[in-house]
Structure formats: C-alpha cells, structure tokens
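Here is the structure we will look at, set down as structure tokens.
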Amino acid sequence: IGGPENLPILTDHLDSFDSPAKEELRRKPHLVILGSGWGSVSLLGNLDKNDYDVTVISPINYFLFTPMLPSAAVGTLELKSLMESIRHIVRRVNGHYLEASAEKILFSEKLIKVKVPGTDQRFYVPYDKLVIAVGSTSNTHGVKGLQYSNQLKTAEDAVEIRRKIVTNLEKACLPTTSDEERKKLLSFVICGAGPTGVEVAAEIFDLLNEDLTRSFPKILRQEISIHIIQSRSHILNTYDKAISEYAMKRFEHDQIDLLTNSRVREILPDQVIFDQKTASGEVETKSVPFGLCLWSTGVAQNPLAQQVVKDLAGSQKNKRAIETDAQLRVIGAPLGDVYAIGDCATVRAELAEHCSDYVRKYIIGSQSHKFVRSHHIITDDDIKHVDLTYNELKQLCTQISQMNPLAAEALSLVEELVPKYDPEGRKKLNFDQVKLLMKEVDSKVTSLPATAQRANQQGKYMGKKLSKLRKSSTTLSINDIVDGDIDNAIARPFKYRHLGSLAYIGNSAVFDFAPGYSFVGDIIAVYLWRSIYFAQSVSFRTRVLLFMDWLNRGIFGRDILT
Ligand code: FAD
Ligand code: MG
Ligand code: MG
Ligand code: MG
Ligand code: MG
Numbered sequence: 002i003g004g005p006e007n008l009p010i011l012t013d014h015l016d017s018f019d020s021p022a023k024e025e026l027r028r029k030p031h032l033v034i035l036g037s038g039w040g041s042v043s044l045l046g047n048l049d050k051n052d053y054d055v056t057v058i059s060p061i062n063y064f065l066f067t068p069m070l071p072s073a074a075v076g077t078l079e080l081k082s083l084m085e086s087i088r089h090i091v092r093r094v095n096g097h098y099l100e101a102s103a104e105k106i107l108f109s110e111k112l113i114k115v116k117v118p119g120t121d122q123r124f125y126v127p128y129d130k131l132v133i134a135v136g137s138t139s140n141t142h143g144v145k146g147l148q149y150s151n152q153l154k155t156a157e158d159a160v161e162i163r164r165k166i167v168t169n170l171e172k173a174c175l176p177t178t179s180d181e182e183r184k185k186l187l188s189f190v191i192c193g194a195g196p197t198g199v200e201v202a203a204e205i206f207d208l209l210n211e212d213l214t215r216s217f218p219k220i221l222r223q224e225i226s227i228h229i230i231q232s233r234s235h236i237l238n239t240y241d242k243a244i245s246e247y248a249m250k251r252f253e254h255d256q257i258d259l260l261t262n263s264r265v266r267e268i269l270p271d272q273v274i275f276d277q278k279t280a281s282g283e284v285e286t287k288s289v290p291f292g293l294c295l296w297s298t299g300v301a302q303n304p305l306a307q308q309v310v311k312d313l314a315g316s317q318k319n320k321r322a323i324e325t326d327a328q329l330r331v332i333g334a335p336l337g338d339v340y341a342i343g344d345c346a347t348v349r350a351e352l353a354e355h356c357s358d359y360v361r362k363y364i365i366g367s368q369s370h371k372f373v374r375s376h377h378i379i380t381d382d383d384i385k386h387v388d389l390t391y392n393e394l395k396q397l398c399t400q401i402s403q404m405n406p407l408a409a410e411a412l413s414l415v416e417e418l419v420p421k422y423d424p425e426g427r428k429k430l431n432f433d434q435v436k437l438l439m440k441e442v443d444s445k446v447t448s449l450p451a452t453a454q455r456a457n458q459q460g461k462y463m464g465k466k467l468s469k470l471r472k473s474s475t476t477l478s479i480n481d482i483v484d485g486d487i488d489n490a491i492a493r494p495f496k497y498r499h500l501g502s503l504a505y506i507g508n509s510a511v512f513d514f515a516p517g518y519s520f521v522g523d524i525i526a527v528y529l530w531r532s533i534y535f536a537q538s539v540s541f542r543t544r545v546l547l548f549m550d551w552l553n554r555g556i557f558g559r560d561i562l563t
C-alpha cells in the first residue's frame, strides 16, 4: 500500500530470496521489460547476467516463434515447437516474471500501473530502466463483424483455426450436409494479402493437396475454394515487384481466387461482403460465403502504446507508434529512463528539428566559412542568415549522416531535391530553405518495418547497451559525457539492417533480399525455405541455447542463406 490511488507497490518478488544470486541482485538497478515477444527475448539474450534486477511483465507467459505460425495454424507443424516458456528465458539473467499487463506508466514517479488479466486487481511496479516491447495488435479498419473471423497472432489463434478447419472438413463429410452447405464449409476466405495472409493461403492449399486427399473423400478436393481479398491491385505489396508478380502467377496457377482492388465492408456469420472496383472504375458490392475467414490486414497500435503517446502528447507526434530517438529512448520521457523497441515503436529522424544545431556544428567545423573568419561567437541570428552553397550542403549532409546514421539513406536524396528548394537558381540555399529541405528528407526516411527481424535487432542493441550502461560508471569520465547524454557517450545510434524477408507461397518461397537484388525461385526456394525454418525450429525445440545463438544472428542472416 502507499502508491497512487492507494494501490500497492511491489517491493520484493516472491522469488527474490530464492537464491544468493537473486538476493544479491535486489540491490542492482531494476530493469523492467514489458512484453515476452521478439524484442524482449532478443534483449534478454544479449544482456549480461548480473547487471540488473530484471522483471518481465507480459500477459502471455511464452515466447512465440511467429514466422512459423501459419504452418502451425494449418497443422503442418506442432505448435509446441514454436513456443518457449518466458520463465526459462528469464532464468538466464536470474530475473522475475509477472503474468500481467501494463496499463499506464507514471514517468515522474517511475512506476508502471499493472493489471492482473481477467480481474480488476491492479498494482504498481517500480523501475529504474524500462523497456517497452508490447508489439502491435491487428488493424480492424473499423469493419463490423470481425467476431465471425479468425485472427492469427497468438498460439490460441492457431489452435482455433486448426480446430475449425478439421471440424468443417468432418461436417462436410456428413450425409446430412447439403451440397451448398458443403461448399460453404470448404470455402476459405483470407482478408489481407500481406505475408501472413499469403502464407496461410499457401499452407491451406498444400494441406488440401498433399494430406487431405489421402484421408478424406476425393470429392472434397473439387469443392474446396480459397479466396484472397486484397485492397490493392497486387499481393505482397511491401515486397519487390518481381516477387509480388511471381506470387500472383503462382496463385493463379493454383486456382486460388485473388480478389484484388477489393475492400471488405462487413463480415456476416457465414459470408464476407466486399466492394470491388472494376477495370472501368465502378464499384460493385459482392459477397463470398465462408467456412473459415482469416482477418490479417496489417497492424495497429497496442493499447499501452496508445496510452504512452497520449500521456506524452506534447512530444509524441506519430499516431501509429511510440517515437524514440536514434538511441531508442522514448521522446518526451525523462532522458535515459524509458526505451521502446519492436512493432510498438518507431525511430524519429528529426533532421529539421535539429537543423540549426547541425548547421552550427558544420560552420564551426568548417574553417573556411565566412562566419568563422569574421565572428568569434555564432549567434542564433547568424544561423538564420546563413547561406550554404551546394558543395557546403553536401559536406553538411556527410557530417549529419555520421551523427545520425538513421538518416544516411534519406540524405542521399538531397542532391536530387536541392533544385526544388532553390527556385531562383542561386546555387545556394538560405537557412529556411535548408530547413524545408530537411523536413522533406525527414518525411522520406522509410519507417522501420513491423517485423521480427527489426524487433530482434533492436532487442540486441538494447541488451548490449544496457549492459554497457551499467559498466559505464567505471569506464567513462565526466569529459566523455556531453550535455548529460550518457547513451550517446557509450553507444552508437541504432542502425537497422534489412536482411531480406521471406514468404512461403505453397511449395515455393519468395525472398526479398537487400535492395537491388531479389530472387524468385522454385525448387531452390523450397529448399531454402524448408532448411532455414527446419533448422531453426528443431534447434528451438531441442536446444534453447542454440536457439539463443541464431536469435543473435537474426532469422534471415545472410550467413545462413549462403
Ligand atoms: P511481439 O513479438 O508481438 O511481442 C509483444 C509482447 O508484448 C507479447 O508477449 C504480448 O503479450 C505483450 N504485451 C502486449 N500488451 C502488453 C501490455 N500492456 N503489457 C505487457 N505486455 C504486453 N516477422 C518477420 O520478420 N518474419 C516473418 O516471417 C513473420 N511472420 C509473421 C507471421 C505471423 C502470423 C505474425 C502474427 C507475425 C509475423 N511476423 C514476422 C511479425 C513479427 O512477429 C513481429 O514483428 C514481432 O513479433 C514484433 O516483436 P515485438 O517484440 O515488437 O512484439
Ligand atoms: Mg516483445
Ligand atoms: Mg513474438
Ligand atoms: Mg511470415
Ligand atoms: Mg514491440
């Protein structure tokens, strides 16, 4: 008792005295991690053992290997081999686990308000360092009747889908089932053609062709239909164009019904109503009956993330994710207390915001600039009256990309954009023009993808940095720390490396490698897909240590592919 609203504050965990090691850790700073998914697990795997008193809070007490979830949902794989107890993972750092969900963060009190699932009970957990890795939820797009559809996010979702497929197949075989009813039971409708939707469609197709014909009446095969409803004109549209086209061809060949340019309007208990735009631009309302409908139309913001953005409204500007700086610190929270990683977070490039700082640093550094020659102190007013030649602008960009690697990619656009901001052709930009230019560059910085790959990289970065921070008291001198920014003194900003993504589309897989190189294949692709995932899931089931190892490498690390 004693916290705000008279709710209790956690002081010691039930297992705080279970071992001398845990007792010793009580005196260390409290690191709280919200979530038990990709981001959190990767962080835990990269944290040194005795640096923090670690507490993981999540309503789900296992880590789920999501890339293989579509296979598990359809039954190709045992679900158990994709799950790992979070308690086992936490044990490595002598940490604690609480099965609960965070509702609100009191930033100045350094307390997390936590709710016990399925009850009205709440309590507070204090933290010294907090990492938010609560992931995302499914996007509803405000569509009515979603309760009649299935989603695929958790292990329970996969079990539910599997159960429904089997029940529908059995029902279809009963003599009391009419022809029309049978067709409906055997109709699979998938809303959303991102990787998850596409993979589920492909898995269902394989299941029906490979396994089903052996144990079920042959007639069922002819009555089965698979439909994909997609709002755009292409499927897999975050992938390379060649890949998207390959997947479409593949699906046509497999007689999977692709309903492109279609928007779901409503889901009824046994049919989906959707609007399809025809080639002539008219909109037709159509319906398709289903036995199973999967809703997988992308991600939306988790409720806790929404709350955080609301509570820090003055500083947080993105409506879809918690914004962090390049050090992954939540913008607006006390510096260095709170971090956010994975699907729930995004990194803000902030070039325009820091434009005058960057220009100032550039001018001071460049001996030749006229300000340096004529003035000793550079005032804000000076900055506002600066004129930068194209060449100076180029040097400025090089300098910025060293300080802010996140923007490096976007800054390469500058040369292309400059003429637009120099309408009079002066071959120079004044400060306001530079700032506008930076604003456009900011908007061009590709936001980080909601993938396991990204969460894994950010988790790794955070784990290493948190351990470094603990040791910094002995390795850093006061002079190393500029403006009280310890993170900047000990660690480089986070940098995302795109290692390629992969989707399974039925007896072949499509890959999307680093920009400029894509690969579409058949037999080779199947081989790679099976071997990558097989190696991963076997090691996952049998040896957690090996699993930690490849987690470090990242799932699609090039070293595995070649
Ligand atoms: P998650 O892994 O989602 O973890 C979030 C955790 O936070 C969960 O444990 C959740 O229970 C917990 N949580 C939620 N709310 C709270 C709260 N209020 N308090 C405390 N804890 C909370 N990515 C790829 O790169 N490749 C793939 O092939 C791929 N396939 C996918 C297939 C499917 C079916 C799905 C659903 C996703 C797939 N992804 C894939 C995406 C990938 O799973 C996510 O990007 C990744 O899980 C994000 O990691 P995260 O740590 O941010 O969130
Ligand atoms: Mg997580
Ligand atoms: Mg996960
Ligand atoms: Mg996938
Ligand atoms: Mg997250």
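According to my numbering, the sequence shown is numbered sequentially starting from 2. Quick reminder that beta carbons are idealized off the backbone N, C-alpha and C, glycines included. Remember, predicted model here, so these are calculated numbers, not experimental data.
Membership of Thr-347 in the beta strand (DSSP E) is indicated by the continuous run 346-348. Gly-193 counts as buried, since no fewer than 16 other beta carbons sit within 10 angstroms of its beta carbon. No heavy atom of ligand 1 is found nearer than 7 angstroms to the CB of Pro-127. Val-42 and Ile-257 have their C-alpha atoms spaced approximately 37 angstroms apart. Rounded to the nearest whole angstrom, the CA to CA distance from Glu-200 to Cys-356 is 44 angstroms. The alpha carbon of Met-69 has as its nearest neighbour, out of Leu-83, Pro-60, Val-57, the alpha carbon of Leu-83.
When only Cα atoms are considered, Pro-176 and Val-132 end up about 56 angstroms apart. The closest heavy atom of ligand 1 lies less than 7 angstroms from the beta carbon of Ala-451.
The beta carbon of Leu-412 sits closer than 7 angstroms to the beta carbons of Cys-398, Ile-401, Ser-402, Val-442 from its chain, once the five residues preceding and following it are set aside; these are given in chain order. Judged by the Cβ position, Ser-37 qualifies as a neighbour of ligand 1 at the 7 angstroms threshold, a heavy atom of the ligand being closer than this.
Contact between Pro-290 and Lys-185 is confirmed by a C-beta separation of about 4 angstroms, below the 8 angstroms threshold. Nearest Cα to Phe-206 within the set Gln-231, Phe-252, Lys-242: Phe-252.
Each of His-14, Gly-46, Tyr-53, Gln-231 was checked against the Cα of Arg-471, and the nearest Cα belongs to Tyr-53. Taking C-beta atoms under 8 angstroms as the contact rule, Gly-464 and Leu-45 qualify, at a distance of about 7 angstroms. The closest heavy atom of ligand 1 lies 7 angstroms or more from the beta carbon of Cys-294. Taken in chain order, the complete alpha helix (DSSP H) segments of 4 or more residues contained in the segment 392-433 are 409-412, 415-422. Pairing Ser-263 with Ser-232 gives a Cβ-Cβ distance under 8 angstroms. The alpha-carbon separation between Ile-479 and Val-348 amounts to approximately 28 angstroms. Around the beta-carbon of Thr-298, 16 or more other beta-carbon atoms lie within 10 Å, marking it buried. In this structure the segment 89-97 touches the segment 48-68; the number of beta carbon pairs closer than 8 angstroms is three or more. The shortest CA-to-CA distance from Arg-163 to any of Gln-328, Gln-272, Ala-73, Glu-224 is the one to Ala-73. For His-89, no beta strand (DSSP E) segment is defined; the enclosing uninterrupted segment is the alpha helix (DSSP H) at 87-92. Within 10 angstroms of the beta-carbon of Val-483 lie fewer than 16 other beta-carbons, which makes it exposed. Straight across, the Cα-Cα distance linking Asp-423 with Leu-430 is about 6 angstroms.
Cβ contact annotation for Gly-36 (same chain, cutoff 7 angstroms, sequence separation greater than five): Ser-59, Ala-134, Val-135, Gly-136, in chain order.
When rounded, the separation of the alpha-carbon atoms in Glu-285 and Ile-229 is 17 angstroms. At least one heavy atom of ligand 1 falls within 7 angstroms of the beta-carbon of Ser-41. Contact annotation: Pro-118 and Ile-10 have beta-carbon atoms that are not nearer than 8 angstroms.
By the Cβ-count criterion, Arg-455 is buried, with 16 or more other Cβ atoms from all chains shown falling within 10 Å of its own Cβ. The C-alpha of Ala-301 is placed about 8 angstroms away from the C-alpha of Thr-141. Between Ile-268 and Tyr-149, the CB-CB gap stays under 8 angstroms. As DSSP reads the structure, Phe-124 sits in a beta bridge with Val-115. The residues Ile-332, Gly-333, in chain order, have a CB closer than 6 angstroms to that of Ser-316 in the same chain once the five nearest residues on each side in sequence are set aside. Within the same chain, Cβ atoms closer than 6 angstroms to the Cβ of Ile-61 are found at Ser-37, the five residues on either side in sequence being excluded. By the beta-carbon neighbour count (other beta carbons within 10 angstroms, threshold 16), Glu-324 is buried. If you check the CB distance, Gly-343 and Gln-152 do not come in under 8 angstroms.
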